[in-house]
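Numbering (this note's numbering), first residue to last: 73 to 582. Cβ coordinates follow ideal geometry from the N, Cα and C atoms, glycine included. Note that the coordinates shown come from a computational prediction; the quantities given were computed from them, not determined experimentally. This report concerns only the one structure given below.
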Amino acid sequence: MTQAVLNDKRAAIPRGNYINGKFRVPRHADGAIEKRNPANLDDVVGAFSFSRVAADEAILAAREAQRAWAARSLEDRINAIRKVRAAVVNRREDLAAAITREVGKPLWEARREVESMAGRLNVVVDAGLRDVADFVPAGVRGGCRYRPLGVIGVICPFNFPALLAHGFVVPALVTGNTVVFKPSDVTPLVGQVYAEIIDDANLPKGVFNMVQGGGDIGARLAASPRVDGIFFTGSVATGRAIEAVCATQPGKMLVLEMGGKNASVVLDDADIDLAVHECLIGGYITSGQRCTASSRVVVTRKVADEFVKRFMERAKAIRVGDPRAADTFMGPLASEAIAERFLGRVALGRKEGAVALIDGGRFDARAKGNFVAPSVHEVVARSGSSAYQSDELFGPDVAIYRAKNIDAAIEIANDTPFGLVASVFTKSEKSYRAVANEVRAGLINWNRPTVGADARLPFGGAGASGNHRAVGLHAIRWCVTPVSHLEEPVGNVEKWPGLGPAPKTPYEPD
Ligand code: NAD
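Put into structure tokens, the structure is as follows:
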């Protein structure tokens, strides 16, 4: 099998879309994504062409394959996905290298992303399937049976380009759906390598399809009446656009997993060393490009000075650089546009009054990549109209807030349209629970950063962060639809006055 070329010196060989079990470069492309390595802009990864017609073909292929795939036994489908899991393990280094080359994520971190893919099938088999098991209430003839939705479109962001795709593809396929996957236009090579992995597993043709492209192709997938569900992970702006194109299709399952403006709350009795260390991880891992990033740290008064001093010392020492180096904590931002957008949002924040404690900015003017240094700001005046205080920045910046007490800290933590993750640093379980009871978030951690999640638990958030908590354990719930069955004539169970004679003997099936 041809493998994607991952060597930085040579371009990858773009193989086109993966439709009906075959890679094909579109004959009449609508355009191409020219992808460069964000750590070295001289390194052209490749030009990945896309086509609207191909997107329609992929949907059709998925439609045509779906009934036969759903008709297979569950055991059969699980065995097929076991082969996918084996193929992921087999190609793990290629996949991690592609993530590093396209996202700029340090290689050690890209490897962790790929490693956590292996556990997804177990989550589905061990716990997920129980959640969507057919059932018969006592005294009912018939019961509830779960059916696959049909064709599911999986639209992914750039920051976890393999794990997030896999997290939806596995439960979708296990439950008898077929899939059209659109990777981010920032990570076309990862999309290609992932499709190669599925190809290695020899699934029946059309069960899994991959189409390259950006927003146009994603919108086409979302709008198609032949797609029964859209599993979207990305920004709130794109999520809203998808919601708008699906507004006339109320029957379409729309799963929206969006951003965060997460706060870590550090209380007076916290272990400050621990809090500083964990908040650094939360704020700057993946160069802040995580939906779960600890972009805000709220510190109560007594420990604020000490926390800020130590946090700044440690933030200045973070190693930013070549994502392939073993001792790099932060690589570049994933594209020039992403870096520009982030720096623009920080600059606006300063105009709005945020005080720079560490400037950040372009890391090294001579570097041929989108390197940005960590920054720290203090918000001295809270404002509902500040974009810096309410929007997701998605880069290596942490905003510090001082709070006079625990109640003020909770109020600040909740002062955001998002509601994805919060975390609390305190030695007191009572204080932790007090914060946890009041903070609006889908995930609340104790003495840990806001980043990091366990796929055996539900994942997702409130408000602008999304709708169904559909990453992790509960993904499978949204891949199926319940159908209720009553399988006994009503004449068997009730009398019908004025209707005339009922059958002499109650109906019994053969
Ligand atoms: P994005 O919204 O720019 O793009 C996400 C995907 O949507 C891409 O594949 C893109 O091509 C596609 N797209 C763009 N316009 C579209 C349209 N009109 N219709 C359909 N598809 C369209 O997001 P991004 O910059 O790639 O990723 C970062 C965002 O993702 C952040 O907001 C982050 O918080 C969020 N995210 C959320 C989670 C989560 O689980 N909640 C996880 C990771 C990332």
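Spatial neighbours of Pro-243 within its chain, please: C-beta separation below 7 angstroms, excluding the five flanking residues on both sides. Val-196, Gly-200, Ala-547, Ile-548 and Cys-551, listed in sequence order.
Does any heavy atom of ligand 1 sit closer than 8 angstroms to the C-beta of Asn-231? Asn-231 has its CB nearer than 8 angstroms to a heavy atom of ligand 1.
Going by CA-CA distance only, name the one from Gly-360, Gly-301, Ser-188 and Ala-291 that's closest to Ala-309. Nearest Cα to Ala-309 within the set Gly-360, Gly-301, Ser-188 and Ala-291: Ala-291.
Could you give the DSSP three-state label for Ala-119: helix, strand or coil? Of the three classes helix, strand and coil, the one that applies to Ala-119 here is strand, per DSSP.
Out of Ser-457, Leu-146 and His-238, which has the shortest C-alpha to C-alpha gap to Asp-206? Looking at the Cα atoms, Leu-146 is the closest of the given residues.
What residue from Ala-480, Gly-332 and Phe-95 has the CA that sits closest to Leu-515's CA? When each option's Cα is compared against that of Leu-515, the closest is Gly-332.
Name, in chain order, the residues that DSSP records as bridge partners for Val-370. Bridge partners of Val-370 according to DSSP: Val-337 and Tyr-473.
Can you pull the DSSP bridge partners for Pro-358? According to the sequence displayed, residue 358 carries Thr and not Pro. Thr-358 is not bridged to any residue.
According to DSSP, residues forming a beta bridge with Asn-249: Partner residues in a beta bridge of Asn-249, as assigned by DSSP, do not exist.
In whole angstroms, what is the alpha-carbon distance linking Gly-572 and Ala-152? Rounded to the nearest angstrom, the two C-alpha atoms are 55 angstroms apart.
Flag this pair as yes or no: are the beta carbons of Cys-94 and Pro-260 separated by less than 9 angstroms? In the sequence as presented, Cys is not what sits at residue 94; that position holds Lys. Here Lys-94 is not near Pro-260, since their CB atoms are 9 angstroms or more apart.
When every heavy atom of ligand 1 is checked, does at least one fall within less than 8 angstroms of the C-beta of Glu-181? Look at Glu-181: its beta carbon is at least 8 angstroms from all of the heavy atoms in ligand 1.
Any idea what DSSP makes of Ile-85, helix, strand or coil? In the three-state reduction of the DSSP assignment, Ile-85 falls in the coil class, being assigned neither a helical nor a strand state.
Beta carbon of Cys-228: closer than 8 angstroms to some heavy atom of ligand 1? The answer is yes for Cys-228.
How is Tyr-579 classed by DSSP in three states: helix, strand or coil? Three-state result, Tyr-579: coil.
Runs of alpha helix (DSSP H) wholly within the region 441-489 (minimum 4 residues, chain order): Taking 4 residues as the minimum length, the alpha helix (DSSP H) runs contained wholly in the region 441-489 are 459-462 and 478-485, in order along the chain.
Could you say which of Lys-155, Gly-467, Arg-87 and Phe-497 lies nearest to Gln-264 if we only look at CA atoms? For the residues Lys-155, Gly-467, Arg-87 and Phe-497, the minimum Cα distance to Gln-264 belongs to Arg-87.
Three-state secondary structure assigned by DSSP to Glu-566: Of the three classes helix, strand and coil, the one that applies to Glu-566 here is coil, per DSSP.
Comparing the C-beta of His-546 with each C-beta of chain C, is any distance below 9 angstroms? Here there is only one protein chain, and chain C is not present.
Would the region 491-511 and the region 330-349 be scored as touching if the rule is three or more Cβ pairs under 8 angstroms? Yes, the region 491-511 touches the region 330-349.
Take Met-73 and list the residues in its own chain whose beta-carbon comes closer than 8 angstroms to its own, dropping the five residues that flank it on each side. Low confidence applies to Met-73: its pLDDT is 33, below 50, so where it sits in the model is not reliable, and the reading given next is rough at best. Contacts found: Glu-268, Asp-271 and Asp-272.
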